[in-house]
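In my numbering, the protein residues as written are 177 to 530.
Pasting the structure below:
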């Protein structure tokens, strides 16, 4: 194994949460090869997540709907990648598209991560088999053992731009946020409907937190979550609600960083908040923490009902075959409210000690 690696390419094309979970790999590589230049290939819409990472020398954006669309666009991407002449290529996606990118890109060393598809398949379809759960971030870091590097810090981390910090300051100032106000973020959406906790329960949680903590609620999501957010907020006092809908990732990161805690389904913003050191209360239903996507660290609370049919899919894409979503119904609003209160008490206790 050569110890001099001038140029390193990491490939992780999507999605939001998975890209966040690759950041410990960047940190570990930079620690072991401080003189190296690390490049990261990802889809254009996720560039904001990594553009300010000091460990990344260059962000290579893959635009499959624009300049890299079709065979001609893919050839254009490959020509760009070949021009770098990488010393090490790390494929942290391991799908068909990254397979072709990996094999067609020039690099002295090429390694890829193990998706543990068989282990996960057993968890979903053969629930009677006991398989060892492995955090996805640890699976990413395990790749580095192939080049004799031990994992370092396993906590994901994101870096904010000054522009996004200033945006968050102005946004919250316009929302009449006071200096000492507690802000609890609530992200009620998810890619798949089966992963969404009941909107009525989110509303109950928001009402209880406003009453108990005298806090403000930041309801956040992308543009397709607007209807859901409107339903949750319609019976909440306007003066206590801040809506952050359809914002670019960088601006959403800036606002998430100002939250004292985040309540969310199993989703990308869950990992974003964790990487910004924001305490998370996460709700898992058709997916399961054992599949490797739960937030890491003691300042997070994960709710999972552990019903016999869970997990029923890897990402929540399968329709529920039960009359009711038992995996979600067994998680009550009082449980979530109590968890948020506990995390805030712990945070205040730490601040007093320091």
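Even glycine gets a Cβ: it sits at the ideal position worked out from N, Cα and C.
Q. Using a Cβ-Cβ cut-off of 7 Å (strictly less than) and excluding sequence neighbours within five positions of residue 330, which residues of its own chain qualify?
A. 200, 313, 314, 317 and 472
Q) Under 8 Å between the Cβ atoms of residue 195 and residue 215? A) Cβ distance not < 8 Å, so residue 195 and residue 215 don't count as in contact.
(Q) Quick check on residue 405: does DSSP put it in helix, strand or coil? (A) In the structure shown, the three-state DSSP call for residue 405 is helix.
(Q) Quick check for students: name the residue ranges of the alpha helix (DSSP H) that lie wholly in the segment 444–524, counting only runs of 4 or more. (A) As far as the segment 444–524 is concerned, its whole alpha helix (DSSP H) runs of at least 4 residues are 444–451 and 502–505.
Q.
Could you give the first and the last residue of the continuous alpha helix (DSSP H) run that contains residue 219?
A. That residue, residue 219, is in no alpha helix (DSSP H); its beta strand (DSSP E) goes 213–219.
Q: Within 10 angstroms of the Cβ of residue 180, are there 16 or more other Cβ atoms? Answer buried if so, exposed if not.
A: exposed
(Q) Within the continuous beta strand (DSSP E) that includes residue 279, where are the two ends? (A) No beta strand (DSSP E) holds residue 279; the alpha helix (DSSP H) holding it covers 272–280.
Q | alpha helix (DSSP H) segment containing residue 249, residue limits | A | According to the DSSP assignment, residue 249 belongs to the alpha helix (DSSP H) that extends over 246–258.
Q | Alpha carbon of residue 249 to alpha carbon of residue 388, nearest angstrom | A | In a straight line, the C-alpha of residue 249 is about 55 Å away from that of residue 388.
Q: List the DSSP bridge partners of residue 283.
A: According to DSSP, residue 283 bridges with 262.
Q) Roughly how many whole angstroms lie between the Cα atoms of residue 309 and residue 475? A) Rounded to whole angstroms, the separation of the alpha carbons of residue 475 and residue 309 is 20 Å.
Q: Starting from the Cα of residue 480, find the closest Cα among 494, 461 and 239 and give me that residue.
A: 461
**Q.** Boundaries of the beta strand (DSSP E) in which residue 396 is found, first to last residue
**A.** 392–397
(Q) Taking only three categories from DSSP, how would you classify residue 242? (A) Three-state DSSP puts residue 242 in coil, outside helix and strand.
Q) What span of residues does the alpha helix (DSSP H) with residue 384 cover, start to end? A) 375–389
Q.
When you compare the CB positions of residue 384 and residue 478, do they come within less than 8 Å of one another, or not?
A. no
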